[in-house]
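Participant: Below is the structure I would like to discuss, written out as structure tokens.
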Amino acid sequence: RAVLKPEPADAFVIAVPTPFNDDYTGDLTYIRAAAQALAPVLAASNLVILESTSPVGTTEQLEAWLAAARPDLTFPATAGDAADVQLAYCPERVLPGNVMHELIQNDRVVGGLSPRASQMAADLYKVFLKGDCLLTNARTAEMAKLTENSFRDVNIAFANELSLICDKLDINVWELIR
């Protein structure tokens, strides 16, 4: 269930905004705040999943924040598969207006900071997911999300340019696209 203040659980999913700073770098303030709120309730055998669109390396940064707040626990950077707390990145892949269907049907990229983290996250998503879980590492999963977003943006820009050209040439853009 979703809560605003973390409570003890087996797994935690962080899905917070990641706006841009004035210099167009990612603003990780909300992720850091989530880490600070989550740290007191973390326990051995927990899984933390980040779903927010974020720069490559953010899952590792999340791990560093959690490790600094909880030196009594081990994390994948120092303990790999044997870590007390496992972390993974699994980007959301839904379109507004069709969230519930896509949440269940779409394939999910799952990238852990360790192979065990990837598998733990995949096992969690497979409880409700009908699509496939595509396992990789966290950095590749983070890059996959950024690549998907960029691909979509380029296609939208291309379609807009086609529309402008077709208007000038008196061509029906919808007929062209068909």
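Following our numbering, the numbering of the sequence shown begins with 30 at its first residue and continues without gaps. We treat Cβ as the ideally placed atom computed from N, Cα and C, and that holds for glycine.
1) Taking the CB atoms as reference points, tell me whether G140 and T107 lie closer together than 8 Å.
2) Could you pull out every residue in the same chain whose Cβ sits closer than 8 Å to the Cβ of E131, ignoring the five residues on either side in sequence?
3) Starting from the N-terminal side, write out each stretch of the beta strand (DSSP E) that is 3 residues or longer and does not extend beyond the region 30 to 100.
4) Could you give the distance in angstroms between the alpha-carbon of F41 and the alpha-carbon of D52?
5) On the three-state DSSP scale, how would you describe T103?
6) Give the range of the beta strand (DSSP E) segment to which R137 is assigned.
7) Is it the case that the Cβ atoms of E80 and A38 are separated by a distance below 8 Å?
8) Applying the 10 Å Cβ sphere with the 16-neighbour rule, what's the burial state of K174?
9) Per the DSSP calculation, T176 is bridged to which residue(s)?
10) Note down the Cα distance separating N50 from D56, rounded to an integer number of angstroms.
11) Who pairs with S117 in a beta bridge, going by DSSP?
12) Give me the residue from T47, S143, R99, V138 with the minimum Cα distance to D110.
13) What residue does the beta strand (DSSP E) around L164 start on, and which one ends it?
14) Go ahead and pull the three-state DSSP assignment for R122.
15) Using C-beta distances below 7 Å, list every residue in its chain close to R99, excluding the 5 sequence neighbours before and after it, in chain order.
16) Helix, strand or coil, according to DSSP, for R207 in the structure here?
17) Do L76 and M149 have their C-beta atoms within less than 8 Å of each other?
Facilitator: Walking through what the data contain:
1) Residue mapping note: residue 140 aligns to position 111 of the sequence shown, counting from 1. Residue mapping note: residue 107 aligns to position 78 of the sequence shown, counting from 1. Cβ atoms of G140 and T107: not closer than 8 Å.
2) Position 102 of the sequence shown, counted from the start, is the residue given in the question as residue 131. Cβ neighbours of E131 beyond the five flanking positions: R122, V123, L124.
3) Runs of the beta strand (DSSP E) inside the region 30 to 100: 40 to 43, 76 to 79.
4) Within the sequence shown, numbered from 1, the residue matching residue 41 stands at position 12. Within the sequence shown, numbered from 1, the residue matching residue 52 stands at position 23. Note on geometry: alpha-carbon atoms of F41 and D52 lie some 31 Å from one another.
5) Taking the sequence shown and counting its residues from 1, the one referred to as residue 103 is at position 74. In the structure shown, T103 adopts coil according to DSSP, grouped into three states.
6) Within the sequence shown, numbered from 1, the residue matching residue 137 stands at position 108. From DSSP, the beta strand (DSSP E) with R137 extends over 137 to 141.
7) Here residue 80 corresponds to residue number 51 of the sequence shown, with the count starting at 1. Here residue 38 corresponds to residue number 9 of the sequence shown, with the count starting at 1. Cβ distance not < 8 Å, so E80 and A38 don't count as in contact.
8) In the sequence shown, counting from the first residue as 1, residue 174 sits at position 145. The C-beta of K174 has 16 or more other C-beta atoms within 10 Å across all chains shown, which makes the residue buried.
9) In the sequence shown, residue 176 corresponds to position 147, counting from 1. Within the DSSP bridge table, the entry for T176 names no partner.
10) For the purposes of this step, residue 50 is taken as residue 21 along the sequence shown, with counting starting at 1. For the purposes of this step, residue 56 is taken as residue 27 along the sequence shown, with counting starting at 1. Rounded to whole angstroms, N50 to D56 spans 5 Å at the Cα level.
11) As a working note, residue 117 is residue 88 in the sequence shown. Note that residue 117 is Ala in the sequence shown, not Ser. DSSP lists I78, G141 as the beta-bridge partner residues of A117.
12) Residue numbering aside, residue 110 sits at position 81 when the sequence shown is read from its first letter. When the alpha-carbon of D110 is set against those of T47, S143, R99, V138, the nearest one is in S143.
13) Here the question's residue 164 lines up with position 135 in the sequence shown. First-last of the beta strand (DSSP E) with L164: 162 to 166.
14) To locate residue 122, count along the sequence shown from 1; it is residue 93. If DSSP states are grouped into helix, strand and coil, R122 belongs with coil.
15) For the purposes of this step, residue 99 is taken as the residue at position 70 of the sequence shown. Residues A68, L71 of the same chain have their beta carbon placed closer than 7 Å to that of R99, with the five preceding and five following residues left out of the count.
16) Along the sequence shown, one-based indexing puts residue 207 at 178. Note: R207 maps to coil in three-state DSSP.
17) Indexing the sequence shown from 1 puts residue 76 at position 47. Indexing the sequence shown from 1 puts residue 149 at position 120. The answer is yes: Cβ separation under 8 Å.
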